[in-house]
Amino acid sequence: SGPGKNIHIVGLEALGNTGHGFLFDATDDGIDGVYLEGVLSIGNGLNGVVLSNGSDTCTGFKVLNSHIENNQRSGLRVVTTGGGITDVVISGCQFVANGRDSGAGTDRAGISIANSVTQLRIVNNRCWDSQSSKTQTYGLHCGTVTLTGGEINDNDFAQNLTGGALVSNVTWSSFRGGRNNAWTIST
Numbered sequence: 244s245g246p247g248k249n250i251h252i253v254g255l256e257a258l259g260n261t262g263h264g265f266l267f268d269a270t271d272d273g274i275d276g277v278y279l280e281g282v283l284s285i286g287n288g289l290n291g292v293v294l295s296n297g298s299d300t301c302t303g304f305k306v307l308n309s310h311i312e313n314n315q316r317s318g319l320r321v322v323t324t325g326g327g328i329t330d331v332v333i334s335g336c337q338f339v340a341n342g343r344d345s346g347a348g349t350d351r352a353g354i355s356i357a358n359s360v361t362q363l364r365i366v367n368n369r370c371w372d373s374q375s376s377k378t379q380t381y382g383l384h385c386g387t388v389t390l391t392g393g394e395i396n397d398n399d400f401a402q403n404l405t406g407g408a409l410v411s412n413v414t415w416s417s418f419r420g421g422r423n424n425a426w427t428i429s430t
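In my numbering, each residue's number is its place in the sequence shown (first place is 1) plus 243.
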C-alpha cells in the first residue's frame, strides 16, 4: 500500500495512555514526512514519542516545540531493526522526568537514539529531571550507532540521574556537535 506520507500533528495531547503517547511504526511500508509540533505527551505507560521503522525506511521525522514528561520510558526514542532513518529533527522541546520504569534498561533518557541516523539534528532542547528522586538517566542517550551528518548543538542536558549525555558508542561521520551544550559527556 506504500508508505505513510506527510503526517502533520499540531497541538495534540497524549496523556496517561497505557502504551506509547505517540507511536509511528513504519515496519510494513515505511514513513515519509512526520511532523509533530506543540504536542504534549505526559504520563504514558511506555515512551512519550517513538519512531520504530523495523526494516523499512523513514525519511523526515520532526518533533518541534513540544513538551514530553513523566513517561515510563524515554521521552523520545528512535529505534529500528535495520531500516534506514534519514532527516530527524528534534528542536525546541522539553523532556522532563521520564524513565520512571527502573526495569526499562537504557530506555530511560529524555532523548534515546537507539539506531543509526543520517542527518540528525538535536538543537535547542532542554532535557532534565525536576524530581527530588530522579529517574531520567540522561538527557541524551545514544546506543551503538553511526550518526552521519547533522548536529547536536545549543541543548541543556544537565540535571539528570546519571549524566547529561551518553555518546560513548557513537561513530561520528561529518557531524557537528558540542557547541553550547550544557552536558557532561559519558564516554
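All C-beta atoms in this analysis are idealised placements derived from N, C-alpha and C, irrespective of residue type, glycine included. Owing to the predicted nature of the structure, the values given are computational and were not obtained by experimental measurement.
Cα-Cα separation, residue i to residue j
i, j, result
"Arg320", "Ser375", "24 Å"
"Cys370", "Leu409", "13 Å"
"Asp299", "Thr324", "9 Å"
"Val332", "Ile250", "15 Å"
"Ser244", "Asn403", "Because Ser244 sits at a pLDDT of 48, beneath the cut-off of 50, its placement in the model cannot be relied upon, and the following sentence gives the value as read from the coordinates. Rounded to the nearest angstrom, the two C-alpha atoms are 43 Å apart."
"Gln379", "Glu312", "10 Å"
"Ser284", "Trp415", "30 Å"
Helix, strand or coil at residue i according to DSSP, with G and I counted as helix
i, result
"Thr430", "The predicted position of Thr430 is uncertain, since its pLDDT is 46 and thus under 50; a value taken from the coordinates is nonetheless stated next. DSSP places Thr430 in coil when its eight states are reduced to three."
"Arg419", "strand"
"Ala408", "strand"
"His263", "coil"
"Asn403", "coil"
"Leu258", "strand"
"Asn249", "strand"
Residue from the options whose Cα sits closest to the Cα of residue i
i, options, result
"Thr391", "Ile365, Phe418 and Phe338", "Phe418"
"Gln315", "Asp344, Phe338, Leu294 and Ile328", "Asp344"
Any non-hydrogen atom of the ligand HEM closer than 6 Å to residue i Cβ
i, result
"Ile395", "Ligands displayed in this structure: none; no statement on the ligand HEM is therefore possible."
Ignoring anything shorter than 3 residues, give me the beta strand (DSSP E) runs that lie fully in the segment 357-399, in order along the chain. 360-366, 369-371, 381-385 and 388-396
Can you give, in chain order, each stretch of the beta strand (DSSP E) that sits fully within the segment 265-339 and has at least 3 residues? 265-268, 274-280, 283-285, 292-295, 301-307, 310-312, 319-322, 328-334 and 337-339
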